[in-house]
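Asks: Residue numbers (UniProt numbering): 1 to 391. In this text, a Cβ means the ideal position worked out from N, Cα and C, and glycines have one as well. Since we're looking at a predicted model, the values are computed, not measured. Questions regarding the structure given below will be posed in turn.
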């Protein structure tokens, strides 16, 4: 038998001229064009012809961004052996959705698209955290100089929120809040969550992909607990009672197994905004160690940064979601969260209310609320993909 022919190198066409790519270049959003075609498009309308995003430059593409590696193809083909290699190649960025093959116009299987989307979101969230950590590693940004050199607005890097909240952190109340938080960080107090995670909820869940909002009150105030996502704790940290009760309700509602950790980042990157009303809290070591009878009172100061301006900021976030989005499911647990319902347009969005999942109130209406299955039902009714709640 003659040896099999080697696979042909895929040929990609320019979406503008529909001909073979000449001097192939890529936009920031990941689409590939002929160099001459995209130059003309930029000068005419300054937008990507494929996704309509604003673009100002282009560059030679890299294989990691614009070509699906064959090794990864081989791994994913195990999910469905009937798929042809050509179906996995996309002239566009492989992480743009919906993913469609440039030649056959065959949409990738749903389970594959979801897996790609989740991987993209995880990488995006990790990249933003690296950017923030790098900013805080600058020599001038040490703990005791943070008040002078790092403002709150520099800690938000998600572009969709920066655009939607344009100018919000420059308002007088926000500047006062920024100075307060910076002074707390610069003093002998330990502020939670870590500085680069203060806006973790917004940086992890872009407004463009937001589906669900779970409102909390303020960050956990124990050492190492807060990570900028309501109810969530890093892996390796003991799961708090409120989160343990959330997992119990998940198991009863959807049959999800209880995970060995309390990191809810997987929810965040799927479009679940885990937002606290107050985004920072303080642990005052000076008072915690000065007098033994004050130790239990001052060591963990819940609500210590309440009424400093955070509530006004997060109220603006909720109003922005209500105005700019449709079909978002708001999960309001407890009296403090329920008060935020006044900020939400109930004609455009879904509001589910229940008792707080804390050990004191979970038996008064949180257990049995079935909010997780109801959320997915509401999303699917609106043609929106459900949340995979299993961690």
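1. With a threshold of 8 Å, are at least 3 pairs of Cβ atoms found where one atom belongs to the region 206-214 and the other to the region 317-337?
2. Is the beta carbon of residue 159 closer than 9 Å to that of residue 407?
3. Of the residues 209, 266, 357, which one's Cα is nearest the Cα of residue 390?
4. Buried or exposed for residue 260, please, with buried defined as at least 16 other CB atoms from any protein chain shown within 10 angstroms of its CB.
5. How do the region 164-173 and the region 317-326 stand: do at least 3 beta-carbon pairs fall below 8 Å, yes or no?
6. Excluding the 5 residues flanking residue 239 on each side, which residues of the same chain have their C-beta closer than 6 Å to its C-beta?
7. Please report the straight-line C-alpha distance between residue 281 and residue 200, rounded to a whole angstrom.
8. Would DSSP call residue 199 helix, strand or coil?
9. How should residue 20 be labelled, buried or exposed, when 16 other C-beta atoms within 10 angstroms of its C-beta is the threshold for buried?
10. Put residue 42 into one of helix, strand or coil per three-state DSSP.
11. Evaluate residue 285 with the Cβ neighbour count: other Cβ atoms within 10 Å of its Cβ, from every protein chain shown; 16 or more gives buried, anything less gives exposed.
12. Identify whether residue 15 lies in helix, strand or coil by the three-state DSSP scheme.
13. In terms of residue numbering, what span does the alpha helix (DSSP H) encompassing residue 354 cover?
14. Whose C-alpha, out of 172, 277, 180, 47, is nearest the C-alpha of residue 343?
15. I'd like the list of long-range same chain contacts for residue 378, defined as Cβ closer than 8 Å, with 5 residues on each side in sequence excluded.
16. Put residue 34 into one of helix, strand or coil per three-state DSSP.
17. Could you pull the DSSP bridge partners for residue 215 from this structure?
18. Pull up the CB-CB distance for residue 39 and residue 46, whole angstroms please, since I reckon it's below 8 Å.
19. Among residues of its own chain, excluding the 5 on either side of residue 217, which ones have a beta-carbon nearer than 6 Å to its beta-carbon?
20. Quick one: what's got a C-beta closer than 8 Å to residue 368's C-beta in the same chain, skipping five residues either side?
Replies: In short, the structure shows the following:
1. yes
2. Outside the displayed span of the chain (1 to 391) sits residue 407, for which this structure offers no information.
3. 266
4. exposed
5. yes
6. 262
7. 15 Å
8. coil
9. exposed
10. helix
11. Bear in mind that a pLDDT of 48 at residue 285, under 50, signals an unreliable position, so the number given afterwards is only what the model happens to contain. Exposed: under 16 other Cβ atoms inside 10 Å.
12. coil
13. It is not in any alpha helix (DSSP H) - residue 354 instead sits in the beta strand (DSSP E) that spans 350-354.
14. 277
15. 327, 329, 350
16. strand
17. 275
18. Wrong, their Cβ atoms sit about 12 Å apart, outside the cutoff.
19. 277, 336
20. 249, 252
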